[in-house]
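Have a look at the structure below before the remarks.
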Amino acid sequence: EDTGSSRIDIDSTSLVVRVTGLAASLVGQKLDFFPETAGVIDASAPWSQQWDGNVWTARVPLSPQRLESPQTLPILLTSPQGGWRTEARVSGLWPAVTPNVGSTAAPALG
111 EDTGSSRIDI
121 DSTSLVVRVT
131 GLAASLVGQK
141 LDFFPETAGV
151 IDASAPWSQQ
161 WDGNVWTARV
171 PLSPQRLESP
181 QTLPILLTSP
191 QGGWRTEARV
201 SGLWPAVTPN
211 VGSTAAPALG
C-alpha cells in the first residue's frame, strides 16, 4: 500500500528518513525498513526510529561501500499489520564512497 509522502535527508554518514500518511493504528509501533535499492545502507549496523506525532522518522547508517547514490530511494516499511511502499526524494550530498579493501584481485604468485 502506498503512503502519503516521504523524504530522506543525508546527514553525514546516515539517512534521515521521514514518512507521513501511515495508518493511525501504526503510530507508536516499531516498523522494519527495507530500501529497494541494494547496497545503499549498512544493513548490519544498528539504526534508530521514532514517531513525531504521526510522522515516522528513522536514522539509518549508509554503507561506506555503497554502489549507488540515488536521487530517489524506493523504500518498504513493514509491520505485522502489513507493508507500505513509498518513493522518497533524497536531499543533501552523498558522502564519498570508501573503497572496499580486499576487493581487488591479488596478483598471482609464481
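In our numbering, the protein residues as written are 111 to 220.
Beta carbons are placed, not taken as given, at the ideal position from N, Cα and C, and that holds for glycine.
From a predicted model like this one, the values you see are computed outputs, not experimental measurements.
Item, Value
"Just to confirm the assignment, what range does the beta strand (DSSP E) spanning Gln159 have?", "158–162"
"If you drop the 5 nearest sequence neighbours on each side, which residues of the same chain put their C-beta closer than 8 Å to that of Thr147?", "Glu178, Pro180, Leu183, Pro184"
"Please go through the same chain and pick out, in chain order, the residues whose beta-carbon is closer than 6 Å to the beta-carbon of Thr188, but skip the five residues on each side of it.", "Asp142"
"Do Val129 and Asp119 have their C-beta atoms closer together than 8 Å?", "no"
"Report the three-state DSSP secondary structure of Leu136 (helix, strand or coil).", "helix"
"Under a three-way DSSP split, which group does Val200 fall into?", "strand"
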